[in-house]
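S.K.: Starting off with a structure, shown below.
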Amino acid sequence: MRAFPGERMLGNAPEGTPLPDSNAELPPVISRAEVVAFALVALLVIVVVGVLYLARAFFLPITMAFIVGTMLSPAASLLERYRIPRALGAVLIVIAVGAAVTFMVGLIASPVMEWSSRLPELSAILKQKLHIFDRPLALWQELQSMVGGSDPLATFQLPKFEWVQPTLEFLSPTFAEFLLFIATLILFIASWKDLRRALVMTFSEREARLRTLRILNELEIHLGNYLLTVTMINIGVGIIAGVICAATGMPNPAGLGALAAALNFVPIIGPVAMFVTLVVVGIISAPTIGAGLIAPACFTVVTFLEGHFVTPTIVGRRLSLNALAVFLALAFWTWLWGPMGAFLSSPLLIVGLIVKEHLMPVNSPQLPEG
Numbered sequence: 089m090r091a092f093p094g095e096r097m098l099g100n101a102p103e104g105t106p107l108p109d110s111n112a113e114l115p116p117v118i119s120r121a122e123v124v125a126f127a128l129v130a131l132l133v134i135v136v137v138g139v140l141y142l143a144r145a146f147f148l149p150i151t152m153a154f155i156v157g158t159m160l161s162p163a164a165s166l167l168e169r170y171r172i173p174r175a176l177g178a179v180l181i182v183i184a185v186g187a188a189v190t191f192m193v194g195l196i197a198s199p200v201m202e203w204s205s206r207l208p209e210l211s212a213i214l215k216q217k218l219h220i221f222d223r224p225l226a227l228w229q230e231l232q233s234m235v236g237g238s239d240p241l242a243t244f245q246l247p248k249f250e251w252v253q254p255t256l257e258f259l260s261p262t263f264a265e266f267l268l269f270i271a272t273l274i275l276f277i278a279s280w281k282d283l284r285r286a287l288v289m290t291f292s293e294r295e296a297r298l299r300t301l302r303i304l305n306e307l308e309i310h311l312g313n314y315l316l317t318v319t320m321i322n323i324g325v326g327i328i329a330g331v332i333c334a335a336t337g338m339p340n341p342a343g344l345g346a347l348a349a350a351l352n353f354v355p356i357i358g359p360v361a362m363f364v365t366l367v368v369v370g371i372i373s374a375p376t377i378g379a380g381l382i383a384p385a386c387f388t389v390v391t392f393l394e395g396h397f398v399t400p401t402i403v404g405r406r407l408s409l410n411a412l413a414v415f416l417a418l419a420f421w422t423w424l425w426g427p428m429g430a431f432l433s434s435p436l437l438i439v440g441l442i443v444k445e446h447l448m449p450v451n452s453p454q455l456p457e458g
């Protein structure tokens with residue numbers, strides 16, 4: 089048998105048996121350059137996350153202004169059609185949004201201030217209502233003593249309310265952050281058209297300019313539609329929650345409805361927090377625990393229908409977000425920037441989805457299946 093180039097004959101093998109050249113080396117599965125590139129990208133991500141966390145007092149209001157400004161830009165464009173200057177339209181839009189937010193905060197703050205002044209009394213009422221669980225707790229304590237385990241329920245006490253003031257301080261931005269957000273929001277809306285043109289003209293190639301223009305157009309359209317749609321849905325949830333609270337005899341149904349609408353802007357965490365609030369208020373205000381759980385149960389049905397049927401149907405399949413992606417984004421941005429990060433998690437996820445669709449389109453080369 090004839091040996092091809094790159095092969096040699098075995099010494100003790102029959103004549104004509106080829107052996108691959110021992111000097112020939114197979115290429116590595118992952119090259120050294122790829123490892124170095126991956127390490128550099130990982131370090132860049134760590135540095136960026138660290139900067140965003142340490143400098144959140146600057147980046148949070150700026151990012152919030154950019155996202156909210158992109159959502160509100162279609163309204164400014166609409167006002168321009170009626171010959172209202174864009175700068176004046178930006179001021180009017182921010183004033184209108186601020187008035188709506190102030191109205192909702194007023195509805196929520198009134199019952200909160202009233203209940204906070206009665207915390208000792210309400211705590212005693214809640215503790216008295218929970219005496220129904222004394223017998224199950226006693227049986228649990230006996231079981232724990234029989235197996236020789238520790239008894240954490242022996243020292244069980246209702247949670248204290250010293251955390252209220254620190255929590256409010258954490259939720260409330262500083263005056264400098266609020267001023268930075270308002271100023272950036274007005275300037276962003278007023279100069280959005282010039283910013284769009286500058287971003288598009290940054291690139292020299294026509295294809296890159298068109299891609300950038302398509303990305304900016306879709307960001308403006310989809311974020312604006314998202315804000316309008318989610319706002320209308322959350323207002324509906326708030327109205328239904330207020331009606332449920334009024335029908336079940338809950339105190340301050342208007343404030344609870346406004347709180348439900350506001351918390352529903354934060355995915356997952358907001359409805360859960362509202363459910364807990366309704367459970368506590370229901371147990372305290374209702375004559376029995378069963379009657380106090382009617383409103384939370386009805387609210388759970390409403391939020392389930394809204395989250396699984398209403399919102400996906402109205403928002404559309406193109407911007408429908410994977411539940412795992414929403415949860416991870418919510419956890420990450422909440423850890424990074426707190427409650428405001430939780431509010432921004434879904435819009436930022438939509439931004440990433442739109443950018444990914446244009447930079448890595450579906451018809452691009454894909455890995456083979458199997």
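In our numbering, the protein residues as written are 89 to 458. All residues carry an ideal CB built from backbone N, CA and C; glycine is no exception. Fair warning: this is a prediction, and the values are worked out from it, not measured in the lab.
To the nearest angstrom, how far is the alpha carbon of Ala130 from that of Phe191?
M.R.: Using only the alpha carbons, I get a separation of about 45 Å.
S.K.: Pair every Cβ in the stretch 138–145 with every Cβ in the stretch 154–167, then say whether three or more of these pairs are closer than 8 Å.
M.R.: Segments in contact, no.
S.K.: For Thr271 and Ile118, I'd like the C-alpha separation in whole angstroms.
M.R.: It should be noted that the sequence gives Ala, not Thr, for residue 271. Rounded to whole angstroms, Ala271 to Ile118 spans 49 Å at the Cα level.
S.K.: Tell me the start and end of each unbroken beta strand (DSSP E) in the stretch 354–398 that is at least 3 residues and wholly inside, in chain order.
M.R.: Complete beta strand (DSSP E) runs here, min 3: none at all.
S.K.: What does a CB cutoff of less than 6 Å around Pro162 pick up in its chain, not counting 5 residues either side in sequence?
M.R.: Hits under 6 Å: Gly312.
S.K.: Would you mind stating whether Val325 and Ala346 have Cβ atoms separated by less than 8 Å?
M.R.: It is not a contact, given that the beta carbons lie outside the stated cut-off.
S.K.: Pick from Ala383, Pro435, Phe276, Phe392: whose alpha carbon is nearest that of Glu306?
M.R.: Among Ala383, Pro435, Phe276, Phe392, the Cα nearest to that of Glu306 belongs to Pro435.
S.K.: Beta carbon of Phe392, beta carbon of Phe363: below 8 Å?
M.R.: Going by C-beta atoms, Phe392 is not nearer than 8 Å to Phe363.
S.K.: Helix, strand or coil for Asn305? Go by DSSP, reduced to three states.
M.R.: Looking at Asn305 - three-state DSSP - the assignment turns out to be helix.
S.K.: State the DSSP-derived secondary structure class of Thr293, mapped to helix, strand or coil.
M.R.: Note that residue 293 corresponds to Glu in the displayed sequence, not to Thr. Of the three classes helix, strand and coil, the one that applies to Glu293 here is coil, per DSSP.
S.K.: Below 8 Å between beta carbons: does that hold for Ile277 and Ala164?
M.R.: A contact, by the Cβ cut-off of 8 Å.
S.K.: The alpha helix (DSSP H) that contains Arg120, what's its start and end?
M.R.: 120–142 is the extent of the alpha helix (DSSP H) around Arg120.
S.K.: Once you ignore the five residues that flank Ile134 on each side, which residues in its own chain have a CB closer than 8 Å to its CB?
M.R.: Cβ within range, chain order: n/a, list empty.
S.K.: Just to confirm, is the Cβ distance from Ala374 to Gly343 under 8 Å?
M.R.: No, the Cβ-Cβ distance between Ala374 and Gly343 is not below 8 Å.
S.K.: Whole-angstrom Cβ separation of Ala178 and Ile274, contact assumed at under 8 Å?
M.R.: The pair is a contact, with the Cβ atoms about 5 Å apart (cut-off 8 Å).
S.K.: Classify Asn410: buried if its beta carbon has 16 or more other beta carbons within 10 angstroms, exposed otherwise.
M.R.: By the neighbour-count rule (16 or more Cβ atoms within 10 Å), Asn410 is not buried but exposed.
S.K.: Which of the three DSSP states is assigned to Tyr170 in this structure?
M.R.: Coil.
S.K.: Apart from the five residues on each side of it in sequence, which residues of its chain come closer than 7 Å, Cβ to Cβ, to Ile327?
M.R.: Gly345.
S.K.: Among the residues of its own chain, which have a CB less than 8 Å from the CB of Ala125, if the five just before and after it don't count?
M.R.: Answer for Ala125: no residue qualifies.
S.K.: Give the list of continuous alpha helix (DSSP H) stretches no shorter than 4 residues that lie fully inside the stretch 179–224.
M.R.: Whole alpha helix (DSSP H) segments, 4+ residues: 207–217.
S.K.: What is the C-beta distance between Gly370 and Pro384, in whole angstroms, given that I count them as a contact (C-beta under 8 Å)?
M.R.: Right, the Cβ-Cβ distance comes to about 6 Å (below 8 Å), so this counts as a contact.
S.K.: Thinking C-alpha only, which one of Asn340, Val414, Met320, Val288 is nearest Met201?
M.R.: Nearest of Asn340, Val414, Met320, Val288 to Met201, Cα basis: Asn340.
S.K.: Given this structure, state the Cα-to-Cα distance separating Lys281 from Ala187, to the nearest angstrom.
M.R.: Each residue's Cα considered, the two are about 26 Å apart.
S.K.: Determine the contact status of Leu381 and Val367, defining contact as a CB-CB distance below 8 Å.
M.R.: Closer than 8 Å, so yes.
S.K.: Got a sec? Which residues, its chain only, sit under 8 Å from Thr365 by beta carbon, not counting five neighbours each side?
M.R.: Within the same chain, Thr365 has close Cβ partners Leu344, Leu347.
S.K.: Using the rule of at least 16 other Cβ atoms within 10 Å of the residue's Cβ for burial, across every protein chain shown, is Leu195 buried or exposed?
M.R.: Leu195 should be labelled buried.
S.K.: Measuring CB to CB, does Val288 end up less than 8 Å from Arg302?
M.R.: No, the pair does not count as a contact, with Cβ atoms beyond the cut-off.
S.K.: In angstroms with no decimal places, state the Cα-to-Cα distance between Val439 and Ala379.
M.R.: Near 44 Å, if we compare the C-alpha coordinates of Ala379 and Val439.
S.K.: Suppose you measure from the CA of Leu437 to the CA of Val139; what does that come to, to the nearest Å?
M.R.: Their Cα atoms are separated by approximately 20 Å.
S.K.: Could you tell me how far apart the beta carbons of Glu265 and Leu148 are, in whole angstroms, since I believe they sit closer than 8 Å?
M.R.: Correct: roughly 7 Å between the Cβ atoms.
S.K.: Where Val354 and Ala430 are concerned, what is the direct C-alpha to C-alpha distance, given to the nearest angstrom?
M.R.: Taking the straight line from one Cα to the other gives about 6 Å.
S.K.: For Gly330, collect the residues of the same chain with a Cβ closer than 7 Å to its Cβ; drop the 5 residues on either side in sequence, then sort them by chain order.
M.R.: Result list for Gly330: Pro341, Ala342, Leu344, Gly345, in chain order.
S.K.: Which one of Leu418, Pro427, Asn322 has the shortest CA to CA distance from Gly395?
M.R.: The candidate whose alpha carbon is nearest that of Gly395 is Asn322.
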